[in-house]
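These protein sequence lines are chains A and B, in that order.
Numbering-wise (the numbering used here), the first sequence opens with residue 55 and increments by one.
Numbering-wise (the numbering used here), the second sequence opens with residue 272 and increments by one.
Worksheet for the structure shown next.
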Amino acid sequence: GAVVSQHPSWVICKSGTSVKIECRSLDFQATTMFWYRQFPKQSLMLMATSNEGSKATYEQGVEKDKFLINHASLTLSTLTVTSAHPEDSSFYICSARDPLTYEQYFGPGTRLTVT
Amino acid sequence: AQSVTQPDIHITVSEGASLELRCNYSYGATPYLFWYVQSPGQGLQLLLKYFSGDTLVQGIKGFEAEFKRSQSSFNLRKPSVHWSDAAEYFCAVGARQAGTALIFGKGTTLSVSS
């Protein structure tokens, strides 16, 4: 079946630095990808919708200058957490929707720890 | 407003007993419905989905779910629970359009007692 990959699977960074997370759709072209954040023992919260070739659409309360999203190609979207702080520590999950089957595939997630 | 409600935060079931996890949704368009399972520290695994047709859908690991439009529900069931089923379960709803994200419920934690 279709696969969405994420890299890295986990990352530890120091406060004030930036971290980039990659999300790739391996078997299909995704004009739209989604970024979610999940805090421990909580549900997935949609952060933004990443659109290939255009600006991302952010959910209310998500700082677009802090969480930079780039969807440079039909198979790659990146999320950059800029000037990371400990409260940004979370599990970040991307997903992509297959435009032919409508099924949404999720990446394995990236565990970010900011020290 | 679009939303998914999972009324049960935590459920404990004896191994071998039957299971039903509840999910209610509020969605303006024709809903596509999903159930995912997540083990601690892991990503999401799709259990089953409903797009159209037969309202009783079969999934992996012996799970099934029934779509009831009149009740806006999509409850997940399993006739006999195994200890390995202990995990977090999420119900999600989305639209047909590829550009729309899934909306997730808050999840139900399933514990299995021996």
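Each residue gets a CB set at the ideal place from its N, CA and C atoms; glycine is no exception.
Whole-angstrom C-beta distance between residue j and residue i, which should lie under 8 Å
i      : j      : result
B/S392 : B/E286 : The structure shown does not extend to residue 392 of chain B, since chain B spans only 272 to 385, so no value can be given for it.
B/N295 : B/S341 : Between B/S341 and B/N295 the Cβ distance is about 12 Å, and since that is not below 8 Å, they are no contact.
A/T103 : A/T86  : 6 Å
B/Y303 : B/F322 : 5 Å
B/G330 : B/W306 : 7 Å
B/V275 : B/I374 : 6 Å
A/V168 : A/A126 : Not quite, the Cβ-Cβ distance comes to about 25 Å (not below 8 Å), so this is no contact.
B/Q277 : B/C362 : 6 Å
A/P162 : A/S63  : 6 Å
A/S149 : A/V58  : 6 Å
Beta-ladder partner(s) of residue i, from DSSP
i      : result
B/A336 : B/V328, B/L347
A/A150 : A/M87, A/Y159
A/R165 : A/W64, A/F145
B/V284 : B/V383
B/Y307 : B/L317, B/F361
A/F121 : A/V135
B/S274 : B/S297
B/F322 : Per DSSP, none; premise fails for B/F322.
As assigned by DSSP and simplified to three states, the class of residue i
i      : result
B/Q342 : helix
B/E291 : strand
A/S127 : strand
A/E76  : strand
B/E359 : strand
The segment 358–378 of chain B: which residues have C-beta closer than 7 Å to a C-beta of chain A, in chain order? F361, G365, R367, A369, G370, A372, L373, F375, G376, K377, G378
Beta carbons nearer than 9 Å to chain A: which residues of the segment 316–328 of chain B have them? Q316, L317, K320, F322
Identify each residue in the segment 293–307 of chain B for which the Cβ-Cβ distance to at least one residue of chain A is less than 7 Å, and report them in chain order. Y303
Using a beta-carbon distance cut-off of less than 7 Å, what residues from the segment 89–111 of chain A approach chain B? S97, L98, L100, T103
At 3 residues or longer, what runs of the beta strand (DSSP E) sit wholly inside the segment 59–110 of chain A? 64–67, 73–79, 86–92, 98–105
Interface positions of the segment 131–153 of chain A facing chain B (Cβ-Cβ less than 7 Å), listed along the chain: I147, R151, P153
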